[in-house]
Structures are given as structure tokens and as C-alpha cells.
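>
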Amino acid sequence: MRRRFRLDWALLPEGWARDVIVTVSPAGTIEAVAVAAAAAGRADTDAERTDTDAERVAGYVVPGMPNAHSHAFQRALAGRAEARAAARDSFWTWRRAMYAIANQVDAADLRAIATLLFVEMLEAGYTSVAEFHYLHRTRDDESDFAPDATPATWEAIRSAARDAGIGLTLLPTLYQAADFRGVPLRPDQRRFQTTTAQFLDAIERRLAADRAADSPTLRTGAAFHSLRAVSIETIREATAQLRAQDPSLPIHIHVAEQGREVRACERATGARPIEWLLRAGVVDDRWCLVHCTHATRAELAAVAAVGATICVSISTEANLGDGFFDAVTFRGASGHLAIGSDSQSTVDPAEELRWLEYQQRLRRRRRNVLATTAEPHVGTGLWRAAAHAGARALGQAIGTLAVGRRADWLALDPTHPALVGAAPAEALDHVVFAGGRHAIRDVYVAGRRVVAAHRHPLRAAAEERYREVMGRLTAR
Ligand SMILES: [Zn+2]
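Just add 271 to the spot in the sequence shown (first one is 1) and you have the working numbering.
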């Protein structure tokens, strides 16, 4: 059914507007946007004020945020690796704890964990997610990659997204080696392993199923775990084949997250990781490079020049002690910068954006560092830029309220204590910097309200299942 909404206030590509009529197709795509009164304010006419068959959305409506990097199963580790376990805890000691979880969950557990996580994402303002998924195998046999199958864990993620009502780009991830020069996977990494042919064939089957289903919210992309885990020759060959399957396929990779990874890459290849990847000549504007924490200015400028997106997850990078991301240089080069919840230590787009700005403030001892001349409001500017970049990373028509985009939006409650007194133009500054995330009242995906009055209807049931799974995982 085609639906019409009347938004009290909406953040459109051209800025804030009042009394906006949005027509949404049965598949959830915005077909028309009509502004009754511009924010600058001309007098409302009676005809514009009384559109009786449109469903009213009260408050301030902003685009939903795409989460461009997630590993759902890591939700089960959140908060459980914050006690010192070694004299010098690091990313690498955390990774051991993460593998312990990865090797315990089966497909049903994963579905339960992901369902609660996706409910939490929606309530926090993420309306879609790119799931970087390498937990392929549920058993030690080959049945997950039988010629007519897609792995059970892939379908578990898709089912969780469907149940929660979040948009999804599933990124099955190629993971073949423990380090540069093809070091074999360790026993605790075996669940991640596939041959290149198994990986490509399963993606081809998944893409065929996507075409048949024609879902407005679920799609498939691909990822390479990292330059440690996949050789540059394989990346080059697999990318060519993936592009042949779907020229618009989003492709992601972790790169330059750790100093140790940069040094190992230099020893193995003579080049820094981003340099090495770009030299392969495969990266284009459908790629998303995750982290890029240890990047030179020249590397960041080169990534921006090919049009690839960078996804940062400051909460995870801070939690793991990775390092600072140079957002000033990348944004200065007109780079597309998306955000993700990655390890799920926190699941909150406002927190990601706040710390993106705060990193810069702490380093430079200045305020409002990432403001621009065009958008002096840091919260608004970062929110819009990350939503736009996230849409590119997910390969979905989302990220802004415009014709042809999916109707993914958040309605903020201007009477909530965190927003009281804030004009629309200030609302996202409150959301990002001053607890205004709690003012996210209703959340819509493809024109369907999936969170009402701050709460997802599946929350209680999803929590119950999650408790049961965690009871087993922590008892072992
Ligand atoms: Zn990651």
C-alpha cells in the first residue's frame, strides 16, 4: 500500500523544513517529498496544514544512520574483556577472548545474539547495518558449503535482521591465512576458513536468491578480512569475479588498524597496507576501508581520490587501544567517512560521532574542529556526512530523506528533557553531544515503524533468548 506521512519537521538534503508530506511506495521507497513551509518560514495556508489522510509524525525527523561495520557475535563479549589479563593487554590479547566466543556459538545462538543486537541498534538510531561476517562454519565438515547451500550462519544473520526489521548488507568475508605470506590459520580460526571457490560460489547463490526475493531491505556484498588473511593476488582475482556477478557489489576490508599490522605488511611487501591495497588497482567507489587508523596523509588523500569510503568505529578503536584516526585530513580531502559499532562494546551512533569530534578536540585543544563553513553545527554536519557515507558503504539507497531513497528515519521528541529548548537546527548537536539520543522516540525502516515510544516490540522476547544463550556460553 502506498502511504503518505506528514512530518512536523524534517531534515531534508537542502536543510530543515516544516510540514513535509512524504509519499512512500509499498516497497518503502520515498516517491515524493512536498514541503508545505520552508524552515525560514512563509505563512502556512489552511490547505497545507490540514492533510487529513496523511499519517502525522510529530517532532524532528532525521535520516536513520547506517551502521557500516558490525560483527554481531561480538555482542556476547561486550563488557567481558575489561579486566586486565596480561601485563600489557592489547588488541591481540582481546582477540583471544573474542575467538573463544566465536568457537562456542552455533547458528541458533548467533541468531539470538544478532536479534537482540539489531533491536538495540534500532532503538539507538541505526536503521541498517553492514554485517562483516566470517563465522562461516558451524561444524567441522563441508556441509555448510555444499553445492546447493549457503552457510547456516549467513541465514541466521538474515533472519535476525528480518525479525528486527533493520536494513542489512550481509558481507560474507574471505578469511584464509593467519598472517602475511600465507601463514596457515590457527585451530581457533578454522571456523572462518573457506576456499576462494567456495566463497565465490556461495555468494553467487546468495545473490541469485536476492534477485528472486527482491527484498527492499536485505542485500548481499562481500568482504576480505584483511591483507593478513587474504593475499593480494586472491583479492585481485576474487574482486574481478565478484564484479562479474554484480558490478555494484559493496566490498569491504579491515586495513591499517594496528601498528603491528603496518610493520608486518612493510616487512612482507615493502609497502604500507593502504598503499599496498591501492597499488593492486581494484579499489573503487564501491569499496569501504574499515579503520585506516594508521594511515599517512598521502594514503588518506589517495583513498579519498578513488572515492572509497572509510568506516571508523571510534568506540571499538578506543576500547582496543588502536590509535587516533586523522578525520581532519580525510574530511579535508572530501573523503566519505562512515561509522560502525564493530565490536559492539557500545551500540550508539551518537557516541561514535561524539568521540570522532572529541578525539580531534583533545589532540588540538580546540572546540568544534569538524564543523564546516557550510554546516557550523558539528552534530548535524557529522550525522549527515556519516549517513551519506554509510549509504555508499552498504550499497543501499538510504542516508537522506529524498526521492528514490528508502524511508528510513528517526523521529526525535522535542519535549524530551534532553531536547527541550532546542530548535530543529540544534537537535542533532544535542543528540550527539548531550544525551539527546534518549530523545529518539520512533524509528522507521522502509516506511514501517519498527520502534515506537523508544521501544522495539521484540525487545522483551529477544532479551529472554539472549539471557538463555549467554547462560550457556558463560557456564562452559
Ligand atoms: Zn571489524
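Where is the CB? At the ideal position from N, CA and C, for every residue including glycine.
As the structure is a computational prediction, the values presented were derived from the model and not from experiment.
Identify whether TYR446 lies in helix, strand or coil by the three-state DSSP scheme.
coil
> From the DSSP secondary-structure annotation, give me the bridge partner or partners of HIS342.
In the DSSP output, where bridge partners are listed per residue, HIS342 has none listed.
> Looking at ALA357 and VAL390, is the spacing between their C-beta atoms short of 8 Å?
no
> Give me the Cα-Cα distance between MET741 and GLY541, rounded to the nearest whole angstrom.
44 Å
> Would you mind sorting GLY312 into buried or exposed? The rule is 16 or more other CB atoms within 10 Å of its CB.
Because GLY312 sits at a pLDDT of 46, beneath the cut-off of 50, its placement in the model cannot be relied upon, and the following sentence gives the value as read from the coordinates. Exposed, since its Cβ has fewer than 16 Cβ neighbours within 10 Å.
> Please state if the CB of ALA696 and the CB of THR247 are separated by a distance shorter than 8 Å.
Residue coverage of the chain in this structure runs from 272 to 747, which leaves residue 247 outside it and unanswerable.
> For PRO338, count neighbouring Cβ atoms within 10 angstroms of its own Cβ and tell me buried if that reaches 16, exposed if not.
Note that residue 338 is Asn in the sequence shown here, rather than Pro. It is buried - the Cβ of ASN338 has at least 16 other Cβ atoms within 10 Å.
> Quick one: Cα of LEU591 to Cα of TRP365, how far?
8 Å
> Compare the C-beta of ALA494 with all C-beta atoms of chain C and state if any pair is closer than 8 Å.
In summary, chain C is missing from the structure at hand, where a single protein chain is found.
> Report the option in ARG708, ASP684, ARG677 and LEU699 whose CA atom is closest to the CA atom of THR300.
ARG677
> Got a sec: does ligand 1 put a non-hydrogen atom nearer than 7 Å to the Cβ of HIS613?
The sequence shown places Asp at residue 613, rather than the His named in the question. At least one heavy atom of ligand 1 is nearer than 7 Å to the Cβ of ASP613, so yes.
> Rank THR671, ARG708 and LEU442 by C-alpha distance to the C-alpha of GLY286 and give the top, closest one.
If we check each option's Cα against that of GLY286, THR671 comes out closest.
> What are the boundary residues of the alpha helix (DSSP H) that LEU699 is part of?
695 to 704
> Starting from HIS525, follow the beta strand (DSSP E) in both directions and report where the run begins and ends.
522 to 526
> Confirm, please, whether the CB-CB distance from CYS559 to HIS525 is below 8 Å.
no
> Based on DSSP bridge pairs, tell me the residues matched to TRP363.
Its beta-bridge partners do not exist; DSSP assigns none.
> By DSSP's criteria, ARG490 is part of a beta bridge. Which residues make up the other side?
BP columns for ARG490 point to THR440.
> Would you mind sorting MET392 into buried or exposed? The rule is 16 or more other CB atoms within 10 Å of its CB.
buried
> Output the distance between the C-alpha atoms of PHE403 and GLU735, rounded to the nearest integer angstrom.
25 Å
> Going by beta carbon distance, what residues of the same chain come within less than 8 Å of VAL376, once the five residues before and after it are set aside?
PHE344, ALA347, ILE384, LEU406, VAL740 and LEU744
> Could you tell me the boundaries of the alpha helix (DSSP H) in which PHE601 lies?
598 to 603
> Which first and last residues belong to the beta strand (DSSP E) in which PHE403 is found?
In the DSSP assignment, PHE403 falls within the unbroken beta strand (DSSP E) covering 397 to 404.
> In chain order, what residues of the same chain have a beta carbon less than 6 Å from the beta carbon of SER430, not counting five sequence neighbours either side?
ARG382
> Can you give me the start and stop residues for the alpha helix (DSSP H) that ILE428 sits inside?
For ILE428, the enclosing alpha helix (DSSP H) starts and ends at 423 to 435.
> To the nearest angstrom, report how far apart VAL599 and ALA483 are at their CA atoms.
Distance from the CA of VAL599 to the CA of ALA483, rounded to the nearest whole angstrom, comes to 43 Å.
> Can PHE403 be considered in contact with ligand 1, in the sense that its beta carbon sits closer than 7 Å to one or more heavy atoms?
Within 7 Å of the C-beta of PHE403 there is at least one heavy atom belonging to ligand 1.
> If you follow the alpha helix (DSSP H) that ILE474 is part of, which residue opens it and which one closes it?
Note, ILE474: alpha helix (DSSP H), 467 to 484.
> Does PHE276 come out as helix, strand or coil in the three-state DSSP assignment?
strand
> With distances taken Cα to Cα, identify the nearest neighbour of ALA448 among GLY578, GLY552 and ASP459.
ASP459
> Going by C-alpha to C-alpha distance, which of VAL702, ILE711 and GLY603 sits closest to ARG726?
Residue ILE711 is the option with its Cα nearest to ARG726.
> Expressed to the nearest angstrom, what Euclidean distance is found between the alpha-carbon atoms of ALA314 and GLY438?
Because the pLDDT of ALA314 is 43, which lies under 50, any placement of that residue in the model is unreliable, and the number read from its coordinates should be weighed accordingly. Spanning the two alpha carbons is a distance of roughly 38 Å.
> Using beta-carbon positions only, say whether PRO620 and TYR397 come within less than 8 Å of one another.
yes
> At the level of alpha carbons, what is the spacing between SER341 and LEU278?
31 Å
> Tell me the residue span of the alpha helix (DSSP H) that contains THR651.
649 to 665
> Can the beta-carbon of ALA551 be found less than 8 Å from the beta-carbon of ILE581?
For ALA551 and ILE581, no; Cβs fall outside 8 Å.
> May I ask which residues mark the beginning and end of the alpha helix (DSSP H) holding PRO544?
544 to 550
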